[in-house]
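The structure under discussion appears below in the form of structure tokens.
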Amino acid sequence: MPELPEVETIKRELNKDIIGKKIVDVVIKNPKVIKQITPAKFSSQIKNSSIKQIIRKGKILIFGLSTGKFLVIHLRMTGQLVFPGNKEKSRVSFVFSNKKILDFNDSRLLGELKLMDDWRNLKFIKELGPEPFEINETVFGKMLGAKKTKIKPLLLDQKFIAGIGNLYAAEVLFRSRVYPERPASSLSSKEKKLLFKEIKDTLREAIKCGGSSIDQYVRLSGKRGNYAAHHKVYNRKDKPCFVCKTPVKRMVQGGRGTYFCPKCQK
DNA sequence: AATGGGACCTGCGCGC
DNA sequence: TGCGCGCAGGTCCCAT
């Protein structure tokens, strides 16, 4: 579900709502989502700590706790953080001293909660590529130039660049007019430059809208994000391209659906 | 090195 | 109404 804009939205809302708050209880309704530590230890080591800071790395959220430990949250496909929660769909509930509850919901149970001494030790995080906002177009161009792989799966590769997922990869390629099967190294310098710009613009616009709510994703408040109204191709199979009216197509690349305009994207 | 397929999971919408 | 299938904002692992 959530890509950089969605996780960033949640991070900003958490920053407003739960910094300094004390967790007095951790209720685990489905232990499957707790990784690398027993559920009992997970609860007991979080209980009675307060939240000092919220960090985002790519699509991962990290809560810095007053004990010095870190709660690492990967929402994967259907993870939600909702505050205050409603318990119903909750897999794990964090109960605060004022009785309000932060719920981790996750219908597909693919999400992960970890408690770590240092989040920097996580293999996935160590291997994470740079975020689009951390590099410039020259660096991005050089990164692409070295890769013969298809551009769309490459954008999904978190080791290559962090934060882009299936939805935004399709959107940025449409906006750059680049066909998703093109080898990365085949992009002209003009195309690389445009792609880099569209990645940053798209992510920024999506953050401004509070992310894209297609199915499961909601903001911390439970409200939907509004960016789906701006999607150009994602989830628009057979609908007319906003530029040329040609029906948007869907194909499969690396097992993932890819939406594109067969006329606009070369 | 680059692909493809399957696995992890649940739940929705669709066509029959 | 009921059932089976395809599909899902992610990532890992294995085979070719």
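Quick note on numbering: this note's numbering labels position 204 of the first sequence as 227, and the sequence is numbered without any gaps. Even glycine gets a Cβ: it sits at the ideal position worked out from N, Cα and C.
Counting along the chain, no beta strand (DSSP E) covers Gly81, and no H or E run does either. In this structure, the beta-carbon distance from Lys170 to Thr281 does not fall below 7 Å.
Contact between the segment 181-189 and the segment 77-91 is present: three or more C-beta pairs spanning the two stretches fall below 8 Å. The segment 157-164 and the segment 238-248 do not touch, with fewer than 3 CB-CB distances between them shorter than 8 Å. Look at Ile42 here: in three-state DSSP terms it is coil, with no helix or strand label. In terms of Cα proximity to Thr172, the closest of Ser208, Asp238, Lys52 and Cys264 is Ser208.
Here the alpha carbon of Ala229 sits roughly 10 Å from the alpha carbon of Glu26. Between Pro62 and the set Gly43, Ile85, Lys216 and Val115, the nearest pair of CA atoms involves Val115.
For secondary structure counted as the alpha helix (DSSP H) over 4 or more consecutive residues, the segment 114-153 holds these complete runs in sequence order: 146-149. Val275 counts as exposed, since fewer than 16 other beta carbons sit within 10 angstroms of its beta carbon. About 23 Å separates the Cβ atoms of Gln103 and Leu151, ruling out a contact at the 8 Å cut-off. Within the segment 250-277, the beta strand (DSSP E) runs of at least 3 residues that lie entirely inside it are, in chain order, 272-276. Beyond the five residues adjoining it in sequence on each side, Ile33 comes within less than 6 Å, by CB distance, of Leu104 and Leu243 in the same chain, given in chain order. Remark: three or more beta-carbon pairs, one from each stretch, lie closer than 8 Å, so the segment 86-95 and the segment 139-155 are flagged as touching.
Within the DSSP bridge table, the entry for Ile51 names Val115 as partners.
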